[in-house]
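Those letters in the sequence shown? Residues -23 to -1, 1 to 78, per mature numbering (1 follows the signal peptide of the UniProt record, and there is no 0), in order. Idealized CB from N, CA, C, for every residue including glycine.
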Amino acid sequence: MYSTYLAIALAILCLDSAILVHAGLFIVQPAAGSVCKAGQECTISWVDNGLRPLVSAIGVSTVGLYTGRQQLVQSITPVDVSTEHSITFQPNPAAGPNSDS
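As C-alpha coordinates, this is what we get:
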(Lines of atoms letter the chains of each structure in order from A and count residues from 1; the text may use other names and numbers.)
(Lines give C-alpha, C1' and ligand atoms only; values in the text may rest on other atoms or scores of the structure.)
Protein backbone atom coordinates (compact mmCIF):
# COMPACT_ATOMS: atom_id res chain seq x y z
CA MET A 1 0.00 0.00 0.00
CA TYR A 2 1.10 3.53 -0.65
CA SER A 3 0.11 6.13 1.90
CA THR A 4 -1.22 9.50 0.89
CA TYR A 5 2.23 10.91 1.50
CA LEU A 6 3.77 8.32 -0.82
CA ALA A 7 1.03 8.53 -3.42
CA ILE A 8 0.59 12.29 -3.29
CA ALA A 9 3.08 14.14 -1.15
CA LEU A 10 5.63 11.66 -2.42
CA ALA A 11 3.92 10.83 -5.67
CA ILE A 12 4.13 14.50 -6.17
CA LEU A 13 2.66 15.97 -9.25
CA CYS A 14 6.01 17.05 -10.48
CA LEU A 15 4.57 19.89 -12.42
CA ASP A 16 7.57 21.21 -14.25
CA SER A 17 5.77 24.31 -15.41
CA ALA A 18 4.26 24.99 -12.01
CA ILE A 19 7.64 24.79 -10.35
CA LEU A 20 9.20 27.12 -12.88
CA VAL A 21 6.48 29.74 -12.54
CA HIS A 22 5.68 29.19 -8.85
CA ALA A 23 2.05 28.28 -9.44
CA GLY A 24 0.18 26.98 -6.43
CA LEU A 25 -1.44 23.58 -6.74
CA PHE A 26 -3.72 22.23 -4.03
CA ILE A 27 -4.16 18.43 -3.95
CA VAL A 28 -7.74 17.51 -3.01
CA GLN A 29 -7.61 13.75 -3.59
CA PRO A 30 -6.49 11.44 -2.12
CA ALA A 31 -7.18 12.97 1.26
CA ALA A 32 -4.91 12.68 4.28
CA GLY A 33 -5.01 9.18 5.72
CA SER A 34 -6.17 7.46 2.54
CA VAL A 35 -4.01 4.93 0.70
CA CYS A 36 -3.30 3.91 -2.85
CA LYS A 37 -2.60 0.21 -3.32
CA ALA A 38 -0.18 -1.19 -5.86
CA GLY A 39 -1.95 -2.49 -8.95
CA GLN A 40 -5.20 -0.67 -8.13
CA GLU A 41 -6.41 2.62 -9.55
CA CYS A 42 -5.44 5.73 -7.63
CA THR A 43 -6.84 9.13 -8.53
CA ILE A 44 -5.02 12.38 -7.89
CA SER A 45 -7.09 15.55 -8.26
CA TRP A 46 -6.14 19.18 -7.80
CA VAL A 47 -7.22 22.80 -8.02
CA ASP A 48 -5.11 25.93 -8.16
CA ASN A 49 -4.69 28.16 -5.13
CA GLY A 50 -6.07 31.22 -6.87
CA LEU A 51 -2.68 32.90 -7.19
CA ARG A 52 -1.25 33.78 -10.58
CA PRO A 53 -0.32 32.03 -12.70
CA LEU A 54 -3.47 29.97 -12.49
CA VAL A 55 -3.51 26.28 -13.36
CA SER A 56 -5.38 27.22 -16.53
CA ALA A 57 -2.19 28.89 -17.78
CA ILE A 58 0.24 26.06 -16.99
CA GLY A 59 -0.39 23.38 -19.62
CA VAL A 60 1.22 19.94 -19.90
CA SER A 61 3.03 18.82 -16.76
CA THR A 62 5.13 15.82 -15.80
CA VAL A 63 3.76 13.45 -13.15
CA GLY A 64 5.60 10.78 -11.17
CA LEU A 65 5.57 8.54 -8.12
CA TYR A 66 8.44 9.48 -5.80
CA THR A 67 9.92 8.15 -2.57
CA GLY A 68 10.26 10.32 0.52
CA ARG A 69 13.74 11.26 -0.68
CA GLN A 70 12.25 12.40 -3.98
CA GLN A 71 13.62 9.50 -5.99
CA LEU A 72 11.44 8.77 -9.03
CA VAL A 73 10.13 5.19 -8.91
CA GLN A 74 7.34 5.39 -11.50
CA SER A 75 6.67 7.78 -14.34
CA ILE A 76 3.01 8.60 -14.90
CA THR A 77 1.56 9.91 -18.14
CA PRO A 78 1.98 13.70 -18.46
CA VAL A 79 -1.24 15.67 -18.03
CA ASP A 80 -2.44 19.05 -19.28
CA VAL A 81 -3.47 20.66 -15.99
CA SER A 82 -5.08 23.55 -17.86
CA THR A 83 -7.81 21.20 -19.13
CA GLU A 84 -7.75 18.24 -16.71
CA HIS A 85 -8.26 18.39 -12.96
CA SER A 86 -7.35 14.80 -12.11
CA ILE A 87 -5.34 11.82 -13.26
CA THR A 88 -5.83 8.13 -12.51
CA PHE A 89 -2.94 5.68 -12.44
CA GLN A 90 -2.00 2.32 -10.98
CA PRO A 91 0.99 2.30 -8.63
CA ASN A 92 3.48 -0.28 -9.90
CA PRO A 93 4.14 -3.05 -7.32
CA ALA A 94 7.74 -3.18 -8.57
CA ALA A 95 8.22 0.42 -7.43
CA GLY A 96 9.03 -0.86 -3.95
CA PRO A 97 7.54 -1.25 -0.48
CA ASN A 98 5.87 1.42 1.62
CA SER A 99 8.44 4.00 2.50
CA ASP A 100 8.86 7.56 3.60
CA SER A 101 12.60 7.32 3.07
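Review point. The beta strand (DSSP E) spanning A5 covers which residue range?
Key: Residue 5 is actually Val in this sequence, not Ala. DSSP places V5 inside the beta strand (DSSP E), whose first and last residues are 2 to 6.
Check your understanding: If we count the other Cβ atoms within 10 Å of its Cβ and call it buried at 16 or more, is L42 buried or exposed?
Key -> Around the Cβ of L42, a 10 Å sphere holds 16 or more other Cβ atoms; the residue is buried.
Check your understanding: Helix, strand or coil: which one does DSSP assign to V50?
Key -> DSSP places V50 in strand when its eight states are reduced to three.
Check your understanding: So what's S59 in DSSP terms, helix, strand or just coil?
Key -> In the structure shown, S59 sits in coil (DSSP, three-state: anything other than H, G, I, E or B).
**Study point:** Counterpart residues of residue 115 in DSSP-defined beta bridges
**Key:** Missing from the structure shown is residue 115; the chain here goes from -23 to 78 and no further.
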